[in-house]
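Quick notes on the structure that follows.
Protein chains in written order, with our numbering: chain A, 6 to 322; chain B, 4 to 146; chain C, 2 to 654; chain D, 735 to 1065; chain E, 6 to 359.
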């Protein structure tokens, strides 16, 4: 995909919208940051490379204007899910899709270069990332430092778009193994799983970055994690309350999580927050054959029912 | 003390007003004896039971949670239990992922006339929970 | 907050297995509880006075009554505290009888359970908010489902009371089962002779709108305002033109139609009027047998009909009626013969059911009242009646008694002797159940005056032997096996729920028991109400019952409807969902899941979209509350915080 | 080759009084391609006496056999004798439905029964697993004019919660199989009537009276033979027919055949290999009037040839086994 | 100088363990792939290579702190009367924060002014603060987003620390800064620091030179009020902010809190827990009105508090220590240094930038 073509599309889209959301270079060579383009001269700031990790569709529900938005395959599912839930007016959104060959996990790159200051980041055509630090250049394969979601990506090309910057790509990842990690984890003993989550959630500082970064967390300021009416969680900072918050997050996303991974990326404490939601998604698939954010005409399974549930059997004691 | 064990465990029951609460009443009227561990919370409909109530109870000291509503198709509010079924099934599958035995959570359908079924359910579920033992160890209790 | 706790002994019902005094003492230690006491019978007049006085004396503002199930007395105590000036929703009940004292053996454990249960109620009541009903208009029309004797009685009583009635009957004529009976016990009155005038009244009553051959398609709404869709099934005869002359029936060449009215004891024509006294007396085509439909040509009736009423193209039609209350009198069904392979399972033509025998006895039946064997049309001399064919038989899933078989068997034995004086009747029975006025005398008359031989025992097998049927059974009084060679065997087949009873219940949102009979609000005290307000029961739809009981229930249901409609406005239940517009984010997921369509979108000043509840439509299930992610829509009286207070009261690590 | 293999539990009767049931059943299964293996070291099922004494003990006797069968891995055991079947099934169901009962029974066993065996009557296997089409397809000879009264006895379909097969009050499985092989089945009302069961010794009069009714009803229904699937029924109707005649003044001469024998005859099997000669009331008449002498001779020859072949195969197998043994010893 | 010492690498572990014997020692530990302060124990993996993901502020100002517990009790004879017993714990154990960075240490100075240096000091904060010694490690490198020199700090700044340790090639150079520090140095049984000073200084200077200074204002950036009050400015800069509060919770200087009572029937606790101006509830009034309903206003307050209001109140001291955590961990990479440099008065050269 050429950046020039993307810029051309943005320039065209600008004519019919109030703002186009894209990416520009962030505070250091390893970070990209969202940019809100309202003037033609800003188009030149736009970049596109594997550092463009943020899910820009997250902004759609809070914007009242007519918006053009750049989406990767995974991000596009957010828009489809918004449509299923009637959360956006599709006529006010122009979707600029980018076929994506994978992004980087900043955390994984930093781990590779031992958290040294980043001086330069380059991407080669053969899928390598070259990172320059004071102690020299480190070369790593993009696949090595990609976030987990890229490893099983089924939708490299956006599932929905008005403009596509580039040629569509089809996934080479086995659709059967999307939830392999979840299945593997579930095989562990109850004690192991309990210990795992206790250790992970204990780090939580309840900063709500996971929630606020989540495109599907529609409540935002009204989140029950902070309210007294209803009073689901106290202000105590113990494991129970932390777990409770994460269960609220997970259960409110049941059958809605599009697995963009923003929650996990946003967490400053490195908690695998998306795992719970992916577990529920794997069950949604089994129970209702449902995958969030794929078909705009689908109904999220928790807001509908079948009189006869084919895949739910009555539990015996 | 409980009939099934030396020490009572904490079991919370969410019962819909129209069927299962009535079923528990019927069991009472018929004097169907049951273990005493269960504490009942009356809700209008199983569809009112947010799975988070179950989580809240399990995280905060309950050893087992039982939810019971009208039989599917028989909901006083016509569809409430259909939603409940989906939500509770989702939760039941999620609990073991968190390391909580899904046997600690049971959801079922009991009508107002099924006193005997209620007795059986309470007895069996209480037995099951006693078999699993307490969910919360003393260490955590201090937290 | 000043909570008052009243713990009831209920005589020894509670105090026998719960230490109520200790419970009261424990509750006094709970912060927020300003007063706690135990009382012999809290629901009694003095018991209620005690609550009222304590509210004034102790300045109480919340009340917890620990006693029986709230399903029993919640309303009683709500009224009590209301009289003492408190909002009725400042009451919580702790069910320490049905859920504790009656089911737990150990007094110590019961007492602890009771204390905790009462604490839960205290925790909840402290979260309770005052709620106020609002009034809404009612549509003073009533729908009666089923045109049997119970339904007709309800319709006539409502009509006479000045209400407009919509009567829906599934079959082509009203009359139900009673119209098929020959005589009624214990007076041997001619059934149709006493029912006929009622049927005519129904037809002629200016307040009653009759939909015959129609079924309920769908019901929406709530007490006072129901919208009912009725399917008028195609009769292929334009009833506005049909005069009921019967010419078509006479000329119809298709003679082997199944006769639903006569339970197939003899065939009928494909176009027919079910019986001479039918109301409405209109013809209808059975397309399963009509040659025009099965073979595509015939048209005899169309040619012969003097008014040109025949219309082979007729389609079902859906009409909508608006009513404010519903009486369900959909009647009963009978178990199939094929459930009795040991009695031939329907393979032997001379083993018939009681209702078929009624048709044979009936002067307007297919044999014009002559008792003949269906196989060879000869007069039977030995008739065996088998009672409890299916009833009280757990293996068939029917543990209950069918209520009226003992009586009609006695009647049929008497009538058999009347019709064929040289006949001999045998009755195999388990017990004779005749607890009505004049009933036991009647069964004795069958034995003593009419010589029916009653054998106490069950029939194990019926098999044909030549032209006869051998009935093998036990005589448990003599302790021997009995074999009777019979000409005709009549099975008193068990009463079941009417076919489709469950589907109708689902449309009405009323509950039904394991057997399909509709469940009343209270078996003793609210026998014609259901748990869905505005829906009442009459007749055998609620359980097997005989004619006087059905008629009585029909009138009772009518009285309930008239009482309900005696006001112009109804009070809504304020325990409905409410939206906190500050925290609602307008995602409207609640609108997706509301089973009643009670939620709509609302735009606030400044353009913010929020959910809004239509109070009268909301039924108070709370599905919206558990759907709402931000807790902005809360079901009053069962809010998250109220339920959490209960959870927190018992779950403390 | 057998399509599917079943464990085949004969029980004691089929080794003695009902050897013809065993012979004919094996032949029919062979003709249908149903493989059967007899469990090694099977023991008494417990029969009637055990469960009148002690429920756990009775189940243990049956379960010992189930354990052996479970290890064979066939999944299903087919049982010709309804009494054995009922006992095995009762133990199986009791042990799978009630954990504490299972533990109690397993306590008595050397090796526990885990509940992995489904007992089925031979009728059930033929009707449900083989299927009527397959049964009909093997027919080579018609038996014209034969009218059979199918007699099921009391225990084959009852109690229904144990038997879990066919209609408990009006069974039709045998009717269907016999109709499938082209035999006319009488409309017989006494399919389930009591034959007197084991009271033949202590209360002979009563049994004679009961069998009399069963037999006369069959005649009345126009049957010229009765088909059975139970060794005890067969014994009471066949062995005691003379007794009945002498005590009741009747003159029955009604052959009582196992249904498998009738099926075997339509499959062209020889009366001898079907054990027809073991019947007390001879069925020669109904056989000879329907199958020619030449045909019978041919069948006899076929049977002998088959037997010889089987023996040869057995010999070869034994020889090979011996060879193997010595080989292993050498190594 | 007697206030310095040297510990060879092989004695480093023993040094920490020695401290842990006499006080509760909080050290940066590796947990998953993040570094957080935890109480020292032998089975923890210590990590001094990079600053902890979250600062050690929770040691002195816990995320949720039980101010006191209360019990309701009643005389059953007089159920109308409820008695309350309070239980307050104000004796705090001796504590050492070991391995914090100069910026983290400086954070506590920002805390001290409102919590201690007033007429009504906060007993909980003061109690813990006085019992706590801060042992700081000077930075060996710069880290994504950090800018300490731009706000008057430095990678080896001693302000706020009791001890400053600089890692050398074959050991650690220890400087005791306060009396508490001297006590620790004594305990360390260190070799003399003399002779290692030069190496330490050289290392410190080398890192200092690499720290970026987006303000170029000698550590004292000044903000233009005109731009600060412009809604357009905030809307343009902050569109990408998702208004989570990670920045405030990770900030060593953010000291806001909330107080709630968490009660059941008989008992309860008054909890003081972290809060932050990025949260909607922070300014939500009981009436339902919220004076800062949007993320723009909230972020404006955050910047304002650090660079305008706090300096106004406390003699020009900027309430930002330049640790860079809020930039590094911001999910949307919002850069406060970039925003502040844009807000700077047209004096510095940086204001010419974008």
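The beta carbon of each residue, even a glycine, is placed where N, CA and C say it ideally should be. If you're wondering where the values come from, they're calculated on a predicted model, not measured in any experiment.
query: So with Cβ pairs under 8 Å, would you call residue 113/B a contact of chain C?
result: The residue labelled residue 113/B in the question sits at position 110 within the second chain. So no, residue 113/B is outside the interface.
field: Three-state secondary structure (DSSP) of residue 462/C
entry: By one-based count along the third chain, residue 462/C stands at place 461. Strand at residue 462/C.
Residue environment, residue 319/A, which counts as buried when at least 16 other CB atoms sit within 10 Å: For this step, residue 319/A is matched to residue 314 along the first chain. Looking at its Cβ environment, which holds fewer than 16 other Cβ atoms inside 10 Å, residue 319/A is exposed.
message: Which residues of the segment 629–654 of chain C have a Cβ closer than 8 Å to any Cβ of chain B? Give them in chain order.
response: 636, 639, 641, 644, 645, 647, 648, 649, 651, 652, 653 and 654
message: Let's test the definition: count the other Cβ atoms within 10 Å of the Cβ of residue 314/E and tell me whether it reaches 16, buried, or not, exposed.
response: Here residue 314/E corresponds to residue number 309 of the fifth chain, with the count starting at 1. Per the 10 Å Cβ criterion, exposed.
query: Going along the segment 74–94 of chain A in order, which residues come within less than 8 Å of chain C, judged by CB to CB distance?
result: 90, 91 and 92
field: Minimum C-alpha distance to residue 225/C - residue among 623/C, 569/C, 498/C and 471/C
entry: Numbered from 1 along the third chain, position 224 holds the residue referred to as residue 225/C. Of the candidates 623/C, 569/C, 498/C and 471/C, the one whose C-alpha sits nearest the C-alpha of residue 225/C is 569/C.
query: Who are the neighbours of residue 129/B on chain C, taking C-beta pairs under 9 Å?
result: Residue 129/B sits at position 126 when you count from the first residue of the second chain. Going along chain C, no residue has its Cβ under 9 Å from residue 129/B, so there is no contact; the nearest lies around 12 Å.
query: From residue 342/E to residue 304/E, what does the alpha carbon distance come to, in whole angstroms?
result: Here the question's residue 342/E lines up with position 337 in the fifth chain. Here the question's residue 304/E lines up with position 299 in the fifth chain. Cα to Cα, residue 342/E sits roughly 13 Å from residue 304/E.
query: Just the Cα atoms here: how many angstroms apart are residue 491/C and residue 423/C?
result: On the third chain, position 490 is the one that residue 491/C refers to. On the third chain, position 422 is the one that residue 423/C refers to. For residue 491/C and residue 423/C, the distance between alpha carbons rounds to 18 Å.
task: Determine the closest residue to residue 299/A out of 203/A, 272/A and 164/A, with distance taken between C-alpha atoms.
output: Here residue 299/A corresponds to residue number 294 of the first chain, with the count starting at 1. Closest by alpha carbon: 164/A.
query: Apart from the five residues on each side of it in sequence, which residues of its chain come closer than 6 Å, Cβ to Cβ, to residue 603/C?
result: Numbered from 1 along the third chain, position 602 holds the residue referred to as residue 603/C. Correct list, in chain order: 611 and 613.
- prompt: Just how far apart, CA to CA, sit residue 315/A and residue 93/B?
  reply: For the purposes of this step, residue 315/A is taken as residue 310 along the first chain, with counting starting at 1. For the purposes of this step, residue 93/B is taken as residue 90 along the second chain, with counting starting at 1. When rounded, the distance between both Cα atoms is 14 Å.
message: Measuring straight from C-alpha to C-alpha, what distance separates residue 205/A and residue 259/A?
response: By 1-based counting over the first chain, the position of residue 205/A is 200. By 1-based counting over the first chain, the position of residue 259/A is 254. Rounded to whole angstroms, residue 205/A to residue 259/A spans 21 Å at the Cα level.
- prompt: Would DSSP call residue 482/C helix, strand or coil?
  reply: In the third chain, counting from the first residue as 1, residue 482/C sits at position 481. Strand, per DSSP.
field: Simplified DSSP state of residue 293/C, which is helix, strand or coil
entry: Within the third chain, numbered from 1, the residue matching residue 293/C stands at position 292. Helix at residue 293/C.
Rounded separation between residue 436/C and residue 404/C - CA only: Working through the third chain from its first residue, we reach residue 436/C at position 435. Working through the third chain from its first residue, we reach residue 404/C at position 403. Their backbone Cα atoms lie some 10 Å apart in a straight line.
With 16 other Cβ atoms within 10 Å as the buried cut-off, status of residue 968/D: As a working note, residue 968/D is residue 234 in the fourth chain. Residue 968/D comes out buried.
- request: Please decide whether residue 721/C counts as near chain A, where near means a Cβ-Cβ distance under 8 Å.
  value: The shown model of chain C, from 2 to 654, leaves out residue 721/C, and the question about it has no answer.
message: Output needed for residue 282/C: all residues of its chain with C-beta closer than 7 Å, excluding positions within five of it in sequence on either side, in chain order.
response: Here residue 282/C is taken as the residue at index 281 of the third chain, counted from 1. Contacts found: 245 and 274.
- prompt: Whose C-alpha, out of 144/C, 477/C and 262/C, is nearest the C-alpha of residue 325/C?
  reply: As a working mapping, residue 325/C is identified with position 324 in the third chain. Closest option to residue 325/C, Cα to Cα, is 144/C.
message: Give me the subset of the segment 120–142 of chain C whose CB atoms are less than 8 Å from a CB atom of chain E, sorted by chain position.
response: 120, 123 and 124
8 Å Cβ cutoff, residue 546/C in contact with chain E: What you label residue 546/C is simply residue 545 of the third chain in a count that begins at 1. Not closer than 8 Å to any Cβ of chain E, the Cβ of residue 546/C fails to qualify, so no.
Proximal residues of chain B, C-beta to C-beta of residue 72/C below 8 Å: What you label residue 72/C is simply residue 71 of the third chain in a count that begins at 1. Under the 8 Å cutoff, chain B gives 20, 24, 25 and 28.
query: The beta strand (DSSP E) spanning residue 635/C covers which residue range?
result: Along the third chain, one-based indexing puts residue 635/C at 634. Here the beta strand (DSSP E) through residue 635/C covers 634–636.
message: Checking 8 Å against the spacing of the C-beta atoms, do residue 514/C and residue 140/B come in under that value?
response: Taking the third chain and counting its residues from 1, one reaches residue 514/C at position 513. Taking the second chain and counting its residues from 1, one reaches residue 140/B at position 137. No, they are not a contact pair.
query: Are there 16 or more other CB atoms within 10 angstroms of the CB of residue 88/E, so buried, or fewer, so exposed?
result: Within the fifth chain, numbered from 1, the residue matching residue 88/E stands at position 83. Burial call: exposed.
message: Give the list of continuous beta strand (DSSP E) stretches no shorter than 3 residues that lie fully inside the segment 39–112 of chain E.
response: 39–44, 69–79, 87–93 and 100–105
query: Nearest chain G C-beta to residue 314/A closer than 8 Å, yes or no?
result: Absent from the structure: chain G. Protein chains present are A, B, C, D and E.
query: What is the rounded straight-line gap between the Cα of residue 2/C and the Cα of residue 28/C?
result: If you number the third chain from 1, residue 2/C lands on position 1. If you number the third chain from 1, residue 28/C lands on position 27. Straight-line Cα distance between these residues: approximately 15 Å.
- request: Compute the Euclidean distance between the alpha carbons of residue 8/E and residue 339/E, then round it to the nearest angstrom.
  value: For the purposes of this step, residue 8/E is taken as the residue at position 3 of the fifth chain. For the purposes of this step, residue 339/E is taken as the residue at position 334 of the fifth chain. Those two C-alpha atoms are separated by around 42 Å.
Burial state of residue 188/C (16 or more Cβ within 10 Å): Here residue 188/C refers to the residue found at position 187 of the third chain. Looking at its Cβ environment, which holds fewer than 16 other Cβ atoms inside 10 Å, residue 188/C is exposed.
- prompt: CB residue 1/C to CB residue 576/C, shorter than 8 Å?
  reply: Beyond the ends of chain C as shown, which are 2 and 654, falls residue 1/C; an answer cannot be given.
Close beta carbons around residue 17/B, own chain, < 6 Å, minus the five adjacent residues each side: The residue labelled residue 17/B in the question sits at position 14 within the second chain. 44, 46, 52 and 70, listed in sequence order.
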